[in-house]
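Chemist: If you're matching them up, the sequences are chains A, B and C in order. Its first residue numbered 381, the first sequence is counted upward by one per residue in the working numbering. Its first residue numbered 36, the second sequence is counted upward by one per residue in the working numbering. Its first residue numbered 373, the third sequence is counted upward by one per residue in the working numbering.
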Amino acid sequence: MTEMAQTTAATRTAETVASRLSRRYAAERRFRALGLGSILLSVGFLALLLGSIIDKGWTGFLQTQIAIEIAFDPQVIDPDGSRDPVTLDTADYAALVRNGLVARLAPEADRATRRDLSALVSTMAANQLRHMVTNDPSLIGTRATLWLLASDKLDMVVKGQVPRQLGADGNSLNDRQLGWLGELEQAGQTRKTFNATFFISGDSRAPEQAGIWGAVVGSFFSLAITLLVSFPLGVATAVYLEEFAPSNRWTNLIEVNINNLAAVPSVVFGLLGLAVFLNVFHMPRSAPLVGGLVLALICLPTIIIAGRAALKAVPPSIRQAAAGLGASPLQIVAHHVLPLAMPGMLTGTILGMARALGETAPLLMIGMVAFIVDIPKSPLDPSAVLPVQIYLWAGSTERAFVEKTSAAIIVLLLFLVSMNMVAIVLRKKFERRW
Amino acid sequence: MNMNAVLPQGSSKISAKALDVHYSEKQALFGVDLDIRAGEVTALIGPSGCGKSTFLRCINRMNDLVDGARVSGSLTLDGTDIYDRIIDVVQLRARVGMVFQKPNPFPKSIYDNVAYGPRIHGLAQDQAELDEIVMTSLEKAGLLNEVKDRLQESGTSLSGGQQQRLCIARAIAVEPEVILMDEPCSALDPIATAKVEELIDELRENFTIVIVTHSMQQAARVSQRTAFFHLGKLIEVGDTEQIFTNPQQPLTQGYITGRFG
Amino acid sequence: MQTLTLAAILLLLSSFAFRLGRKRAFAVSAHEPRSLHSLPGYYGSWVALWCGLPAFAVLVAWLVLEPTVVRELVISDLPAAMQALPSDNIDVLINEVRNAAQGHATTNPDLAAAADHYTHLRQIGFAAVAVVSVAIALAGAAFAYRRIEPALRARPRVEASINVFLVASSTVAIFTTIGIVLSLLFESLRFFHMVNFFDFLFGLSWSPQMATRSDQVGSSGAFGMIPLFTGTMLISLISMVVALPLGLFSAIYMSEYAQPRIRAVAKPALEILAGIPTVVFGFFAVITVAPLIRTAGAMFGLSVASESALAAGFVMGITLIPLISSLSDDVITAVPQSLREGAFGLGATRSETIRQVVLPAALPGIVGGVLLAVSRAIGETMIVVMAAGLSAKLTFNPLEAVTTVTVQIVTLLVGDTEFDSPKTLAAFALGLMLFAITLGLNVVALHIVQKYREKYD
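1. Rounded to a whole number of angstroms, what is the C-alpha to C-alpha distance between residue 247 of chain B and residue 109 of chain B?
2. Closer than 9 Å by beta-carbon distance: list the chain A residues that pair up with residue 130 of chain B, in chain order.
3. Counting only Cβ-Cβ distances shorter than 9 Å, please list the residues of the stretch 692 to 723 of chain C near chain B, keeping chain order.
4. Where does residue 744 of chain A land, buried or exposed, given buried means 16+ other C-beta within 10 angstroms?
5. Output needed for residue 668 of chain A: all residues of its chain with C-beta closer than 6 Å, excluding positions within five of it in sequence on either side, in chain order.
6. Which value, in whole angstroms, describes the spacing of the CA atoms of residue 594 of chain C and residue 573 of chain C?
7. Is there a Cβ from chain C that is less than 8 Å from the Cβ of residue 206 of chain B?
8. Do residue 755 of chain C and residue 691 of chain C have their C-beta atoms closer together than 8 Å?
9. Relative to the C-alpha of residue 554 of chain A, which candidate in A/495, A/521, A/520 and A/609 has its C-alpha closest?
10. Tell me the DSSP bridge mates of residue 246 of chain B?
11. Is the CB-CB distance between residue 650 of chain A and residue 742 of chain A below 8 Å?
12. Mind checking which residues open and close the alpha helix (DSSP H) that includes residue 518 of chain A?
13. So residue 395 of chain A and residue 721 of chain C are supposed to be a Cβ contact under 8 Å. How far apart are they, rounded?
14. Comparing the C-beta of residue 694 of chain A with each C-beta of chain C, is any distance below 8 Å?
15. With 8 Å as the threshold, decide whether the Cβ of residue 401 of chain A is near any Cβ in chain B.
16. DSSP puts residue 105 of chain B in a beta bridge; with which residues?
17. Chain B partners of residue 404 of chain A, CB-CB under 8 Å?
18. Do residue 254 of chain B and residue 275 of chain B count as a contact pair if the criterion is CB distance below 8 Å?
19. Compile a chain-ordered list of the residues in the stretch 193 to 218 of chain B whose CB is closer than 8 Å to at least one CB of chain A.
20. Answer with buried or exposed for residue 725 of chain C, where buried requires no fewer than 16 other C-beta atoms within 10 angstroms of its C-beta.
21. Within its chain, find whatever has a CB closer than 7 Å to the CB of residue 816 of chain C; leave out the 5 residues flanking it on each side and keep chain order.
22. Would you grab the beta carbon distance between residue 638 of chain C and residue 804 of chain A for me? Rounded to a whole angstrom, and I think it's under 8 Å.
23. Name the one or two DSSP bridge partners that residue 527 of chain A has.
24. Of the residues C/797, C/540 and C/389, which one's Cα is nearest the Cα of residue 654 of chain A?
25. Closer than 8 Å, CB to CB, is residue 759 of chain A near chain C or not?
26. Along the stretch 158 to 171 of chain B, where does the CB come closer than 7 Å to a CB of chain A? Name the residues.
27. Give the range of the beta strand (DSSP E) segment to which residue 132 of chain B is assigned.
28. Whose CA, out of A/800, A/648, A/535 and A/424, lies closest to the CA of residue 729 of chain A?
29. Hey, does residue 597 of chain A have any beta-carbon neighbour from chain C nearer than 8 Å?
30. Name the two residues that bound the continuous beta strand (DSSP E) containing residue 260 of chain B.
31. To the nearest angstrom, report how far apart residue 161 of chain B and residue 730 of chain C are at their CA atoms.
32. Can you check whether the C-beta of residue 538 of chain C is within less than 8 Å of a C-beta belonging to chain A?
33. Using only the alpha-carbon positions, how far apart do residue 590 of chain C and residue 565 of chain C sit?
34. For residue 115 of chain B, which residues does DSSP report across the bridge?
35. Could you check whether the Cβ of residue 589 of chain C sits closer than 8 Å to any Cβ belonging to chain A?
36. Alpha carbon to alpha carbon, how far is residue 286 of chain B from residue 111 of chain B?
Okay, here's the thing in structure tokens:
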């Protein structure tokens with residue numbers, strides 16, 4: 381009897397299961413689709429981010445120039461014919477540029493027209509002429525066709541970053557200027573070349589003259605300080621906690637402390653830097669030295685945690701083998717454990733440095749937001765760093781700074797990618813299976 | 036599909052023919068031919084790594100979860116190939132339940148543990164029926180008296196032996212046809228083991244049971260038939276009494292007399 | 373520059389000392405190194421330590437003390453009228469003196485004289501330190517050199533000093549925390565002398581700009597942090613609404629479903645997302661996401677502020693996806709395989725197993741991860757500085773502009789900072805609140821995750 385009952389129960393099970401199967405599989409597919417959708421969406425956001433940055437930024441590596449025949453008019457440069465260096469240096473080269481433009485585009489120009497004409501060319505063009513003349517005064521009285529740096533407004537239109545239509549969003553050229561642009565383009569008097577200015581200059585109020593070199597140098601100084609401070613301290617702490625520290629309340633406190641510091645918002649570290657380094661120790665504001673110190677404190681927990689993980693991965697058998705040969709605890713660590721753990725520690729350090737390179741908020745606190753044109757010469761000079769430069773440009777109203785910001789972001793991301801690559805290669809190369 | 040044929044006791048419920056199993060490069064089973072009869076307890080014995088667990092996990096396709104596992108040859112349940120495309124693995128596992136080596140109750144209440152299978156398979160029409168299924172299953176698993184006052188407590192709060200009986204109750208709540216047991220007592224103390232063995236004997240009336248065990252005494256106590264595996268091959272299968280008193284193969288002889296294992 | 377040169381000289385001396393010490397050890401052992409207590413190198417290191425450490429200590433002490441000492445000396449030399457000024461004005465004067473010393477001309481002859489004095493003092497000071505530290509280095513080296521003998525326990529001594537360095541390094545973390553707490557507390561207390569603590573905590577209006585004139589200091593309501601708090605919460609909430617489902621489902625898919633091929637693409641993509649600096653996300657929010665939301669809002673006839681909480685929160689959510697996903701991935705993989713097998717063995721489908729067995733088991737760990745993410749969202753700065761507004765409006769409408777605690781900290785401290793106005797000090801009070809909240813969240817979150825790990829270890 382039990383057997384019959386059991387068989388019917390089993391039959392019932394099989395039938396019920398079968399009848400609900402398609403519904404359950406539909407739920408399974410929905411759930412799966414939800415998971416895949418989430419991943420695709422996340423990757424899609426990344427693609428949108430990178431896509432929009434690259435789209436807006438790649439033209440930042442190019443600059444527009446226009447060819448204008450310039451007459452080095454002695455009447456304008458050196459009316460007395462004295463060739464005095466001071467006279468040559470202070471002459472009105474902008475007038476030469478303006479005259480060249482007038483001659484080429486609007487010989488009958490009135491005052492307003494001349495102003496519109498001047499707005500086609502960057503103020504850098506006058507500097508270019510000054511440089512040429514002071515280097516070689518014999519140019520005075522000659523004529524030459526020169527490629528001059530275009531103004532940011534023209535640059536944006538030529539690169540297609542703003543629409544060419546009159547009055548379109550972001551396009552501040554008037555109909556006359558657009559007409560001249562067309563004329564120059566027809567005559568082959570415009571070109572786009574590699575934008576070296578962007579890589580060798582410091583910041584500038586004029587977008588077409590602004591560059592990232594000052595910020596790159598500032599970032600380099602800051603990171604150098606960060607590395608010098610945080611790497612030895614981080615490795616020493618990791619070694620002490622992992623290899624020597626007795627497990628008592630004090631070391632426990634240190635550990636809890638490190639874990640919590642890792643999660644303290646970076647802006648709070650900025651407050652610490654402001655209150656301690658600037659107000660108590662009177663260190664210079666806006667200097668990479670202070671920035672580097674603050675970043676070092678931010679990085680320290682990351683490096684310690686990575687360092688401890690690397691030390692943990694070294695098998696105890698190696699320590700025992702060394703101890704068996706009579707090595708002192710310090711010798712065991714210095715000769716055997718540390719070399720084996722070093723790749724892991726370096727990987728963690730590089731990742732920490734990469735994070736420090738992108739850190740912005742704490743640096744705002746210690747005054748690294750000043751407008752600084754000069755390239756810093758030492759960690760004590762006021763300076764910007766790359767992410768802060770990005771922040772500053774992002775807040776500028778000129779349309780052309782959107783392009784510069786995006787281009788600077790591309791450079792920053794390239795730095796980060798290469799640092800991460802180094803970390804990955806390091807990890808791959810020294811990955812060890814015990 | 037002849038899934039629910041009414042099989043008389045002793046007829047073949049599961050049948051393996053030339054069954055090979057590979058894990059990536061390594062072959063784990065070599066041409067196993069084995070019939071498992073309905074309404075009996077079949078014990079699979081042999082030294083560790085002999086393939087007995089692998090064979091067990093083929094029967095409800097738990098090997099599907101292992102990357103790189105390949106099964107070839109034929110393995111049928113009531114005449115239908117388990118690895119046939121028309122067999123749905125969810126449906127198969129509802130028919131072939133499993134109890135694992137280590138008790139693995141879900142971190143849910145005792146009630147929810149037992150009700151889990153009926154719930155996902157929709158076996159109960161209403162709450163009352165679900166209660167009924169849970170109570171019956173716990174009773175059949177001999178656990179009801181110990182837990183009836185604390186059905187809402189976590190399944191993980193029970194002792195090891197109770198946890199394993201809870202897992203058995205969880206398996207029988209689905210009303211499967213076959214129950215696979217993978218060394219169900221290896222993590223239990225002798226008293227808990229005795230209880231579970233007693234339970235297995237009672238369950239034989241309603242289910243076809245296949246049990247992997249490393250203890251020959253246990254095989255002798257609970258099973259009607261015993262199959263001896265060695266190095267991925269089935270060496271000998273027969274009535275338990277015959278295997279333990281009069282093994283035909285020298286390897287079997289050696290194993291049960293304790294010369295290796 | 374000078375300092376670096378001096379440091380280099382000291383290092384050079386130390387390395388000479390090392391060689392001398394090693395050589396000396398050889399000599400005293402009669403070229404029989406086995407008779408020495410330690411390897412010759414340890415004798416070298418011991419001499420080098422004696423040479424370098426005290427000298428560097430002098431140098432560092434000078435670097436720390438110099439600004440204060442020189443400052444006091446310069447002040448004492450200023451005309452009496454100037455000395456009588458309040459300390460803040462003296463600060464200004466001293467700054468001017470420093471600038472003048474660096475070559476910026478000053479119109480005040482007294483200050484020009486003081487600048488000369490300042491430069492002079494610094495030069496004298498440096499010369500003195502250079503002489504003293506080099507002398508100490510030489511003396512230390514000589515002292516140690518003469519004490520080298522085979523029985524000298526050089527290795528334990530060297531190791532002891534390295535040990536001291538290790539212990540000292542490990543306390544830096546402690547001092548950082550103490551530094552954070554003290555600096556926040558100190559400035560906050562000054563702030564709470566000017567503004568009532570409860571007005572700050574429960575005030576409904578925030579307008580620090582009004583308090584620049586002293587007669588308005590402490591006027592009620594100007595420093596109420598509730599609007600900042602609600603703004604922070606609103607943006608954090610939006611970010612979690614974006615990040616939690618996306619991060620969690622990504623983690624589930626990656627750990628339970630994904631083919632190795634998909635994982636090979638998705639995992640690095642999420643890591644890249646995690647590695648992008650937040651200033652980039654801030655720019656992305658301003659330039660791409662905010663206009664998109666505005667356009668989308670206009671299509672439904674909604675007017676969206678150009679700096680909406682939605683845009684900032686949404687982009688912040690994107691930045692939190694990798695965090696949630698990797699933390700969830702960890703806890704999901706930590707759920708024992710036996711539980712999954714138990715469910716599969718009963719005939720559960722994969723999604724049933726995940727929803728009904730894996731996720732409930734992983735829940736505490738996931739909650740811990742979410743708390744960590746919330747704490748990150750609250751402390752996140754650049755995205756909100758760039759994409760959220762400055763207006764401290766008490767609203768829960770995600771389409772309006774709100775401001776957050778971190779935005780206000782940055783805004784209050786960027787630009788001219790005077791450390792006696794409540795406007796500046798308020799930033800530290802906000803920082804204290806931020807620190808307390810995030811610390812609390814972290815402690816709870818780490819505790820939960822810890823307990824979860826123990827359960828399945």
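Built from N, CA and C at the ideal position, the CB exists for glycine as well.
Modeler: Result, derived from the coordinates:
1. 21 Å
2. 390, 393, 394 and 397
3. 708, 709, 710, 711, 712, 713, 714, 715, 716, 717, 718, 719, 720 and 721
4. buried
5. 598, 601, 602, 759 and 763
6. 12 Å
7. yes
8. yes
9. A/495
10. B/78 and B/216
11. yes
12. No alpha helix (DSSP H) holds residue 518 of chain A; DSSP gives it neither H nor E.
13. Residue 395 of chain A to residue 721 of chain C, Cβ: 18 Å. No contact.
14. no
15. yes
16. B/57
17. 125 and 155
18. yes
19. 209, 210, 211 and 212
20. buried
21. 743
22. So it is not a contact: roughly 17 Å between Cβ atoms.
23. A/447
24. C/797
25. no
26. 158
27. 131 to 134
28. A/800
29. no
30. 260 to 265
31. 26 Å
32. yes
33. Only weak support exists for where residue 590 of chain C lies, its pLDDT of 46 falling under 50; the value from the coordinates is given anyway. Roughly 9 Å separates the two Cα atoms.
34. B/112
35. Unreliable positioning characterises residue 589 of chain C in this predicted model, as indicated by a pLDDT of 48, which lies under 50. A coordinate reading is not provided.
36. 28 Å
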